[in-house]
Amino acid sequence: MKTIVLTFDDASKSHLEVAVPVLKKYGFNATFFISLPEVWLNECPAGYLSHDEIAELYKMGFELGNHTMNHHVLTALDDDGIRREISMCNDFFRKIGAPEAVSFAYPGGPYAPNGAKIIPESGLKYARTTEHALWTCETDPMRIPCYSVCNKQLANFSEGLELLGDRDDAALVLLYHGVPDIAHAHCSTDAEIFAEHMKYLYDNGYKVISMREYGEMLK
Ligand SMILES: [Zn+2]
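Residue 179 in the numbering used here sits at position 179 of the sequence shown, with consecutive numbering throughout.
Here is the structure:
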């Protein structure tokens, strides 16, 4: 079966308000990567999910992934700085009663070799970059590629699907930010376009699952 691993980054309020109803309609799963700057520990600004809304996502059966607390690019941190960023995000998940995270996404996107050494220490098994390729059993689980889709990079949707073709021994990982993204216009995807993409996947028989689910299937 053709498999899409669907991921969302940065806790946009539109993930719950716009994306989730579409995912539910089609029976799709997904991973939501949460980054929550420390200054938001009491209250998140407008445009972002509140703590309760983040909790709502896992209660509905979606996966919450660790995207570090403060979203610093890992290459700019030392080993203890990386440990701190990962553990603060995990502490937040514990606080809201979420299951222990197994999926990670590199803040800012690119692979960070210094991070790849540290990430597995805290039980994280799968780490997503933004390199263009498919996820197969030969992929380094600390370097899972993906295609990032937004209004300005719409071709990535069709290019990723073309690369996947009819293969049933690989998955295409897709990444969306907000649908739309009020805080980051440069990576926003219009709600209508997002809905069209999901309809296309449904109509064409793709299985759409979370990172955790595909990682477990590959074992
Ligand atoms: Zn991010």
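Beta carbons: idealized from backbone N, C-alpha and C, even for Gly.
Small disclaimer: the values here were computed from a predicted structure and weren't measured.
Would residue i be called buried (16 or more neighbouring beta carbons within 10 Å of its own) or exposed?
i: H177; result: buried
i: H197; result: buried
i: T136; result: exposed
Do you know how far the Cα of residue j is from the Cα of residue i?
i: Y126; j: A46; result: 30 Å
i: I118; j: N29; result: 28 Å
i: F157; j: H67; result: 22 Å
i: L172; j: P37; result: 29 Å
i: K13; j: L134; result: 29 Å
i: D181; j: V73; result: 21 Å
i: G27; j: G108; result: 29 Å
i: A11; j: K59; result: 16 Å
i: P99; j: G65; result: 10 Å
i: R83; j: E63; result: 21 Å
i: L77; j: F33; result: 20 Å
Check whether the Cβ of residue i lies closer than 6 Å to any heavy atom of ligand 1, and answer yes or no.
i: D10; result: yes
What residues match up with residue i in a beta bridge as DSSP calls it?
i: A105; result: R128
i: Y176; result: F8, V149
i: V208; result: I4
i: A171; result: T3, W135
i: E63; result: T31
i: Y48; result: S12
i: I144; result: R128
Could you check whether residue j and residue i sit closer than 7 Å to each other, using their CB atoms as the reference points?
i: V20; j: V179; result: no
i: T31; j: S103; result: yes
i: V5; j: M211; result: yes
i: M69; j: C89; result: yes
i: T139; j: Y111; result: no
i: T7; j: L175; result: yes
i: I86; j: H51; result: no
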